[in-house]
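The sequence shown begins at 171 in this note's numbering and counts up one residue at a time. Down below is the structure, laid out as structure tokens.
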Amino acid sequence: MLGIELMQQLMLPIIPQGTTVINGQVSVDNRNDEWFYFLGGIPIYSHQADNKKLFRLHTSQLINAGSCRATDIITTFGVSKSSVMRSLRQLREKGADSFFEPRPSRKGGPIFTPDVLQQAQQYLDQGMKSNEAANKLSIRADTFRKAISDGRLKKSLRY
């Protein structure tokens, strides 16, 4: 009687015609702006071509499951190593749901309200230096410089 042995089941490399091979088992196909992922000949994932969240999730799951390597994804799709590794780390640390959480946004309101903007422009018109005006209004100097560079404030031509 034969003892029970653990044997790795081999999967025949049946790859659908017209697909792009990622490795011997995994391939992808882009049909009508939708990506289809195949393990052997079996479709396992799909998403719209412009859906970056699902792309990052699915490719991370393939790497995490051992179905392909990060380098396979990088060379097949032409994405950066850092983005692939960042997505893989996100999947491992925070789970699949984290790919769909809203991104954190800035909590505060606008710094340059119409009143503050008017006061800042008056200080500049009086010949005050931008960093002095920023200090007087309790605004970071970088924020003040950005307002000047994007045209919300105009520097005085007085010297």
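Note that CB positions come from ideal geometry on N, CA and C, so glycine has one too. Note that the structure is a prediction, hence the values are computed from the model and not measured.
Range of the contiguous beta strand (DSSP E) that encloses residue i
{"i": "R226", "result": "Counting along the chain, R226 falls outside any beta strand (DSSP E), though it belongs to the alpha helix (DSSP H) covering 222-234."}
{"i": "D199", "result": "196-201"}
{"i": "P213", "result": "212-218"}
{"i": "E204", "result": "204-209"}
Neighbourhood of residue i by C-beta, 6 angstroms cutoff - its chain only, sequence neighbours within 5 removed
{"i": "I233", "result": "A240, L258"}
{"i": "V249", "result": "none"}
{"i": "F206", "result": "D199, P213, S216"}
{"i": "G321", "result": "none"}
{"i": "T246", "result": "I192"}
8 angstroms Cβ cutoff met for residue i and residue j
{"i": "K325", "j": "L287", "result": "no"}
{"i": "A156", "j": "N200", "result": "This structure does not reach residue 156, given that the chain is present from 171 up to 329, and the question cannot be answered."}
{"i": "S300", "j": "R315", "result": "yes"}
{"i": "Q292", "j": "L307", "result": "no"}
{"i": "T229", "j": "I214", "result": "no"}
{"i": "S253", "j": "Q195", "result": "no"}
{"i": "F282", "j": "A235", "result": "no"}
Same chain only: Cβ atoms within 7 angstroms of residue i, ignoring 5 sequence neighbours per side
{"i": "R226", "result": "S257, F269"}
{"i": "T189", "result": "S197, V198, D199, F208"}
{"i": "A304", "result": "R310, A311, F314"}
{"i": "L224", "result": "H217"}
{"i": "S275", "result": "none"}
Own chain residues within Cβ distance below 8 angstroms of residue i, not counting five before or after
{"i": "A266", "result": "L227, Q231"}
{"i": "L261", "result": "L227, S230, Q231, N234, S268, F269"}
{"i": "D203", "result": "Q218, A219, D220"}
{"i": "M255", "result": "A240"}
{"i": "E263", "result": "none"}
{"i": "E302", "result": "Y293"}
Extent of the continuous alpha helix (DSSP H) run through residue i
{"i": "F247", "result": "240-247"}
{"i": "F314", "result": "311-319"}
{"i": "A304", "result": "300-307"}
{"i": "P284", "result": "284-295"}
{"i": "I263", "result": "In the sequence as presented, Ile is not what sits at residue 263; that position holds Glu. From DSSP, the alpha helix (DSSP H) with E263 extends over 251-264."}
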